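K.L.:
Position 493 of the sequence shown, counting from 1, maps to 534 under my numbering, and the rest follow consecutively. Glycine residues also receive a C-beta, built at the ideal position from the N, C-alpha and C atoms. Quick caveat, the model's predicted, so the values are computed rather than measured.
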Amino acid sequence: MPRSHSLWHHTTNAVTTAPLRKHARADVCVIGAGIAGLTTAYQLAREGRSVIVIDAVAIGAGQTSVTTAHLSNQIDDSYEEILRLHGPDGARLACDSHRAAIDRIQAICELENLTCAFERIDGYLFLGKRAKEKDLDRELEAARAAGVEVDKLPAAPVQGFQSGPCLRFRQQGQFHPMKYLQGMANALQRLGGQIYTGTKAVTVEGGQPAIVRTADHIAVEAAAAVIATNSPFNDLVTIHTKQAPYHTYALGLRVPPGAITHALYWDTEDPYHYVRLQRTTNRELGGDNDDPVDILIAGGEDHKAGQAKDADERFQRLATWTRERFPAAREEEFRWSGQVMETVDGLGFIGRNPLDAGNVYVATGDSGMGMTHGTIAGILLTDLILGRSNPWTDLYDPSRVRSGAAVEWVKENLNVALQYASWLTPGEVSSIDQIAPNTGAVIVDHGRKVAVFKDERGEIHKRSAVCPHLGCIVAWNSAASSWDCPCHGSRFDKFGAMFNGPSPRDLERVT
Ligand SMILES: Cc1cc2nc3c(=O)[nH]c(=O)nc-3n(C[C@H](O)[C@H](O)[C@H](O)COP(=O)(O)OP(=O)(O)OC[C@H]3O[C@@H](n4cnc5c(N)ncnc54)[C@H](O)[C@@H]3O)c2cc1C
Ligand code: FES
42 MPRSHSLWHH TTNAVTTAPL RKHARADVCV IGAGIAGLTT AYQLAREGRS VIVIDAVAIG
102 AGQTSVTTAH LSNQIDDSYE EILRLHGPDG ARLACDSHRA AIDRIQAICE LENLTCAFER
162 IDGYLFLGKR AKEKDLDREL EAARAAGVEV DKLPAAPVQG FQSGPCLRFR QQGQFHPMKY
222 LQGMANALQR LGGQIYTGTK AVTVEGGQPA IVRTADHIAV EAAAAVIATN SPFNDLVTIH
282 TKQAPYHTYA LGLRVPPGAI THALYWDTED PYHYVRLQRT TNRELGGDND DPVDILIAGG
342 EDHKAGQAKD ADERFQRLAT WTRERFPAAR EEEFRWSGQV METVDGLGFI GRNPLDAGNV
402 YVATGDSGMG MTHGTIAGIL LTDLILGRSN PWTDLYDPSR VRSGAAVEWV KENLNVALQY
462 ASWLTPGEVS SIDQIAPNTG AVIVDHGRKV AVFKDERGEI HKRSAVCPHL GCIVAWNSAA
522 SSWDCPCHGS RFDKFGAMFN GPSPRDLERV T
């Protein structure tokens, strides 16, 4: 059986620190110790600012530990789309900012001597089923107009698979995201930054000072607050109507070292597939020697969060797709999944929090490119907090509205409206007896929808299935053993504790 956690979880230990136990003050309070929060904190500390980082769980406990960590300025939604939505200047700035993010990651690795397997590699975009060569030609033209270093080749360098024509993106990158994050956390602490895990923020009030309050009734006062919790928990509606949660799946397959060229690979399907390799050792995989092993990491099969029940079939389809194109792939060692926030116009929301005081900042809307968007957040938010101008400010402004994104906005919000019909449907099972150990299901109990998890000993854990954000009904996610809200992406662990916003609270207890 493959391990049901990520390669990154397997090859690093979770890092926690003491929780925050008394009121504190700093120049900046950053909420969330994923790549966005820690990069921002690190950049500010390098500029001599005092920083407090709080995280509800641990360093990298969120989506940064389940990523696949492509570092790319090939935009997921395509440059053709970015050009249409943001215009030629916007497309150039998007290219520049993602390129600068990869450069910054490399610079941090070098400056701080991080051993996180950072590599510069090329990326290859090849045609998916039904796509035509002219689709690639249009993307080539749009990417070049945006300033991307890209060319067209007759085939990608994959032995045993005829990819057909492809685009090659130069100077992309990859790394081990958790080793990077942990190294950056150490560097931040050496610079005087403080990190408190097990410390959940519940409210953020802007003003002089901004005040962040925690679930343990402790306050942090700061000249500025940054909400980098992947999906902001303090914003009820504004941002959440402009981004939608999607669940995505990843596999790690063992490959003889060197059998597949280390590169980033993507196809043009929708949802698209994304592939890369990570060097590890036999010992790290449980063997008794240090022989090198490559793990081929393939991702895809995305669906709207909380709106599919066929995780096993999705993993199976992903494995079939991968083995057909990468015949050197052997045993499946890992399978995992996670959530991405897709914005209606393809780029992140990074800047001043809409409708808030001027000293509350947010980084969200990763659009499947959270490694670079998180790093862009570190650069851009540092400039904004220090009062410096930055050419990317308008492009990533969380308050922006792009008229070309109206159709996507209507589509996603109609989908949200339809989810409220779940209030009226029967439960997924009619009795608790039908729930297998270690799984969950929504049942109807005295007219209420209840999220029931049965643990491996058969003990029952019940919470209200009503999401505390705006009242949609959560769904059991068998791939991640979580309760996922189909509306704006709130997520709760199997016992109902919130670990991803926008819900401000856990699922309510029921008797
Ligand atoms: C399968 C998969 C593949 C991906 N592949 C890529 C890729 O190849 N390239 C790429 O660029 N991106 C990729 N992404 C996206 C990327 O991983 C994420 O966008 C990125 O890790 C998000 O980082 P973050 O810092 O914004 O959030 P997170 O890493 O989720 O960090 C948020 C932190 O906030 C904490 N938190 C939450 N609420 C609170 C609270 N109330 N108080 C205190 N702390 C709180 C959490 O515990 C967590 O540690 C992928 C994502 C998935 C799921
Ligand atoms: S996340 Fe908005 S209703 Fe659940």
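Quick check on this structure: which residue in L459, V457, T53 and K63 has the alpha carbon closest to the alpha carbon of A256?
P.N.:
The residue given as residue 256 occupies position 215 in the sequence shown. The candidate whose alpha carbon is nearest that of A256 is K63.
K.L.:
Are the beta-carbon atoms belonging to G234 and V92 less than 8 Å from one another?
P.N.:
Within the sequence shown, residue 234 is the residue found at index 193, counting from 1. Within the sequence shown, residue 92 is the residue found at index 51, counting from 1. Against a cut-off of 8 Å, the Cβ pair of V92 and G234 comes out as a contact.
K.L.:
How big is the Cα-Cα spacing for R532 and Y287?
P.N.:
By 1-based counting over the sequence shown, the position of residue 532 is 491. By 1-based counting over the sequence shown, the position of residue 287 is 246. Cα to Cα, R532 sits roughly 12 Å from Y287.
K.L.:
Going straight from the alpha carbon of A446 to that of K345, what length do you get?
P.N.:
Along the sequence shown, read from residue 1 onward, the residue named residue 446 stands at position 405. Along the sequence shown, read from residue 1 onward, the residue named residue 345 stands at position 304. Distance between the alpha carbons of A446 and K345: 18 Å.
K.L.:
For V385, collect the residues of the same chain with a Cβ closer than 6 Å to its Cβ; drop the 5 residues on either side in sequence, then sort them by chain order.
P.N.:
Counting from 1 along the sequence shown, the entry for residue 385 is found at position 344. Correct list, in chain order: K283, A446, E449 and W450.
K.L.:
Looking only at C-alpha atoms, which of D311, H281, N323 and A291 sits nearest to P297?
P.N.:
Your numbering for residue 297 matches position 256 in the sequence shown. Cα-wise, what sits closest to P297 is N323.
K.L.:
Determine, using beta carbons only, whether R133 and A187 come nearer to each other than 8 Å.
P.N.:
Counting from 1 along the sequence shown, the entry for residue 133 is found at position 92. Counting from 1 along the sequence shown, the entry for residue 187 is found at position 146. Closer than 8 Å, so yes.
K.L.:
Would you grab the beta carbon distance between G169 and T363 for me? Rounded to a whole angstrom, and I think it's under 8 Å.
P.N.:
Along the sequence shown, one-based indexing puts residue 169 at 128. Along the sequence shown, one-based indexing puts residue 363 at 322. Going by Cβ atoms, the distance from G169 to T363 rounds to 14 Å, so no, they are not a contact pair.
K.L.:
What do you reckon, are the CB atoms on A83 and M225 nearer than 8 Å?
P.N.:
Here residue 83 is taken as the residue at index 42 of the sequence shown, counted from 1. Here residue 225 is taken as the residue at index 184 of the sequence shown, counted from 1. Looking at the sequence itself, residue 83 is Tyr, so the reference to Ala does not match. Yes, these two residues count as a Cβ contact at 8 Å.
K.L.:
For a quick check, are the C-beta atoms of G347 and A516 less than 8 Å apart?
P.N.:
Looking up residue 347 in the sequence shown gives position 306. Looking up residue 516 in the sequence shown gives position 475. Yes, the pair counts as a contact, with Cβ atoms nearer than the cut-off.
K.L.:
Name, in chain order, the residues that DSSP records as bridge partners for W307.
P.N.:
Position 266 of the sequence shown, counted from the start, is the residue given in the question as residue 307. Listed as beta-bridge partners of W307 by DSSP are L166 and Y315.
K.L.:
I need the boundaries of the alpha helix (DSSP H) containing A135, first residue and last residue.
P.N.:
Against the sequence shown, residue 135 aligns to sequence position 94. Residues Y120 to L152.
K.L.:
How big is the Cα-Cα spacing for F536 and I476?
P.N.:
The residue given as residue 536 occupies position 495 in the sequence shown. The residue given as residue 476 occupies position 435 in the sequence shown. In a straight line, the C-alpha of F536 is about 15 Å away from that of I476.
K.L.:
Spatial neighbours of A77 within its chain, please: C-beta separation below 6 Å, excluding the five flanking residues on both sides.
P.N.:
The residue given as residue 77 occupies position 36 in the sequence shown. In chain order, A269, A404, G415 and A418 place their CB closer than 6 Å to the CB of A77, counting only its own chain and leaving out the 5 sequence neighbours on each side.
K.L.:
Considering just the uninterrupted stretch of the beta strand (DSSP E) at F375, what are its terminal residues?
P.N.:
As a first step, residue 375 is located in the sequence shown; it is residue number 334 there, counting from the start. That run of the beta strand (DSSP E) goes E373 to T384.
K.L.:
Considering Cα atoms alone, identify which of A538, H303 and R161 is closest to Q200.
P.N.:
As a working mapping, residue 200 is identified with position 159 in the sequence shown. Nearest option by C-alpha distance: H303.
K.L.:
What are the boundary residues of the beta strand (DSSP E) that includes L455?
P.N.:
Stepping through the sequence shown from its first residue, residue 455 is reached at position 414. Taken as a continuous stretch (DSSP letters only), L455 belongs to no beta strand (DSSP E), being part of the alpha helix (DSSP H) at A447 to Q460.
K.L.:
Do L26 and ligand 2 come close, with the Cβ less than 7 Å from some heavy atom?
P.N.:
Because the chain here runs from 42 to 552, residue 26 falls outside it and cannot be looked at.
K.L.:
Write down every uninterrupted run of the beta strand (DSSP E) in the segment 515 to 545 whose length is 3 residues or greater and which is fully enclosed by it, in chain order.
P.N.:
516 to 518, 523 to 525, 532 to 534 and 539 to 541
K.L.:
According to DSSP, is E342 helix, strand or coil?
P.N.:
Taking the first residue of the sequence shown as position 1, residue 342 is located at position 301. Correct three-state label for E342: strand.
K.L.:
For H211, count the other beta carbons within 10 Å of its own beta carbon; 16 or more makes it buried, fewer makes it exposed. Which is it?
P.N.:
Counting from 1 along the sequence shown, the entry for residue 211 is found at position 170. Note that residue 211 corresponds to Arg in the displayed sequence, not to His. R211 should be labelled exposed.
K.L.:
Take N518 and list the residues in its own chain whose beta-carbon comes closer than 6 Å to its own, dropping the five residues that flank it on each side.
P.N.:
Reading the sequence shown from its first residue, position 477 is the one you call residue 518. The answer, listed in chain order, is D525.
K.L.:
Considering only C-alpha positions, which residue in the set A300, V278, A506 and A74 is nearest to P333?
P.N.:
On the sequence shown, position 292 is the one that residue 333 refers to. Checking every option, the nearest Cα to that of P333 belongs to A300.
K.L.:
Given a cut-off of 8 Å on the beta-carbon distance, is the pair D335 and R320 in contact?
P.N.:
What you label residue 335 is simply residue 294 of the sequence shown in a count that begins at 1. What you label residue 320 is simply residue 279 of the sequence shown in a count that begins at 1. In contact: D335 and R320 (Cβ atoms closer than 8 Å).
K.L.:
Check the DSSP bridge columns for R254 and list the partner residues they point to.
P.N.:
Residue mapping note: residue 254 aligns to position 213 of the sequence shown, counting from 1. Answer is T244 and A260.
K.L.:
Which two residues bound the contiguous alpha helix (DSSP H) that contains D176?
P.N.:
Counted from its first residue, the sequence shown places residue 176 at position 135. Run containing D176: E174 to A186, per the alpha helix (DSSP H) assignment.
K.L.:
At the level of alpha carbons, what is the spacing between L421 and M42?
P.N.:
Looking up residue 421 in the sequence shown gives position 380. Looking up residue 42 in the sequence shown gives position 1. C-alpha separation (whole angstroms): 43 Å.
K.L.:
Sorted by chain position, which residues of the same chain lie with C-beta nearer than 6 Å to A55's C-beta, five sequence neighbours on each side aside?
P.N.:
Residue numbering aside, residue 55 sits at position 14 when the sequence shown is read from its first letter. For A55, where only same-chain residues beyond five positions count, the Cβ hits under 6 Å are A99.
K.L.:
Hey, which residues come within less than 5 Å of ligand 2, measuring from Cβ to any heavy atom, in chain order?
P.N.:
In chain order, the residues with a C-beta atom nearer than 5 Å to some heavy atom of ligand 2 are C508, H510, L511, C513, C526, C528, H529 and S531.
K.L.:
Please report how far the alpha carbon of R161 lies from the alpha carbon of D329, in whole angstroms.
P.N.:
To locate residue 161, count along the sequence shown from 1; it is residue 120. To locate residue 329, count along the sequence shown from 1; it is residue 288. Their Cα atoms are separated by approximately 30 Å.
K.L.:
Under a three-way DSSP split, which group does K193 fall into?
P.N.:
Mapped onto the sequence shown, residue 193 falls at position 152. Secondary structure at K193: strand, using DSSP grouped into helix, strand and coil.
K.L.:
Nearest to L459 by CA position, among Q357, D351, H529 and T105, is which residue?
P.N.:
For this step, residue 459 is matched to residue 418 along the sequence shown. Restricting attention to Q357, D351, H529 and T105, the CA atom closest to the CA of L459 is found in H529.
K.L.:
Short check: CB of G239 to CB of T289, under 8 Å?
P.N.:
Stepping through the sequence shown from its first residue, residue 239 is reached at position 198. Stepping through the sequence shown from its first residue, residue 289 is reached at position 248. In this structure, T289 does not lie closer than 8 Å to G239 by Cβ.
K.L.:
Three or more beta-carbon pairs under 8 Å between the segment 178 to 185 and the segment 113 to 125, yes or no?
P.N.:
yes
K.L.:
Expressed to the nearest angstrom, what Euclidean distance is found between the alpha-carbon atoms of V191 and V507?
P.N.:
As a working note, residue 191 is residue 150 in the sequence shown. As a working note, residue 507 is residue 466 in the sequence shown. Roughly 47 Å separates the two Cα atoms.
K.L.:
At a cut of 8 Å, does the segment 421 to 434 reach the segment 375 to 395 through at least three beta carbon pairs?
P.N.:
yes
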